[in-house]
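Residue numbers (my numbering): 1363 to 1640. Every residue, glycine too, gets a C-beta built ideally from N, C-alpha and C. For reference, the structure is listed below as structure tokens.
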Amino acid sequence: MPTAYSPSHRRPSRRRFVPVVCFALICATFAAPAGAQLLMPAKPVPPPIYDVHVVKVHPHDREAFTQGLIFRDGHLYESTGLNGRSSVRKVDLETGRVLQQHNVDPAHFAEGLTDWKTNLVQLTWRTQTGFVYGLDDFEQKRTFRYDGEGWGLTHDGKRLIMSDGTSVLRFLDPETFQETGRVDVNVNGRPLNGLNELEYVKGRILANVWPTDHIVMIDPATGAVTGQMEVIGLLTEADRKQPVDVLNGIAYDAKGDRLFITGKWWPKLFEIRLEPRP
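Below, the structure is given as structure tokens:
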């Protein structure tokens, strides 16, 4: 395992995400009938900002280069990355202990993870291969193929939703894994690249924006960013004495209405509450 993050262990460098509240104003020209008062130039309204409040802190395995995270039936399920260290795991929430693990072939760099019925579905970064495992025994049932890179994965109860590091989200049939549609994610019409780990929460898609500490909320019908949050200051200096990487990993407990976040090589997993900023 590398002792520090470097691009050779992750994706090529991309332009950093600029907080959406800082986008330049867009001017518009309005025609008006003679004698009418001219309107002021229109400007886009930035997506609402949500403040993050920590409810509870749980331990998290420092060896986990977290790529995908879900909560189901009282446990966390996690996909970890890096060639030769990739895995899918069942994890105890309270202790962070790995209860079950399947190691991925070293040829693959594992990525996003979601559940579908009695299965787990996992993406890989550049080898264009997805895996389907039994939820109970982690036995590999099948593989599937897709074009381009695989990053994040979630579902809305009807279809899988996949990110590939661009501003595009793909919709996949959960049985055949064929693409059924796409949506371009945008902030006031401007594309938002770097979409990574995904989680479907109450009709919206939450997405980590790589390589930042930002999470955005996305309307799956239009691709519009409807909310944003910057998650900073969660890790202490002591937490950072060993190498840590970016925020990545969002899981939602629908029954308990609990939201969890963590990061790559983070020693902690946080249960959080979101509040719209006044």
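Under the three-state reduction of DSSP, lysine 1418 is assigned to strand. Contact between lysine 1626 and threonine 1428 holds, with the beta-carbon distance rounding to 5 Å and staying under 8 Å. Residue pairing by DSSP puts asparagine 1548 in a beta bridge opposite Pro1553, Ala1586. Boundaries for isoleucine 1594: no beta strand (DSSP E) harbours it, and the DSSP string shows neither H nor E there. Put simply, the backbone Cα of threonine 1624 is about 25 Å away from that of glycine 1496. Put simply, the backbone Cα of leucine 1568 is about 11 Å away from that of leucine 1515. Under the three-pair Cβ rule at 8 Å, the region 1553-1565 does not count as touching the region 1532-1539. Membership of lysine 1452 in the beta strand (DSSP E) is indicated by the continuous run 1449-1453.
As a beta-bridge residue in DSSP terms, proline 1638 pairs with Tyr1412. The alpha-carbon of valine 1494 is positioned some 6 Å away from that of asparagine 1481. Looking from the CA of histidine 1420, the closest CA among Arg1447, Thr1457, Phe1433, Lys1520 belongs to Thr1457. Per DSSP, the continuous beta strand (DSSP E) segment holding alanine 1472 begins and ends at 1472-1478. By the Cβ test, the region 1512-1526 is in contact with the region 1472-1481, since at least three Cβ pairs between them sit closer than 8 Å. Here glycine 1543 is exposed: its Cβ has fewer than 16 other Cβ atoms, across all protein chains shown, within 10 Å. Less than 9 Å separates the beta-carbon of proline 1410 from that of arginine 1639. The C-beta distance from valine 1593 to valine 1450 rounds to 25 Å, too long to meet the 8 Å contact threshold.
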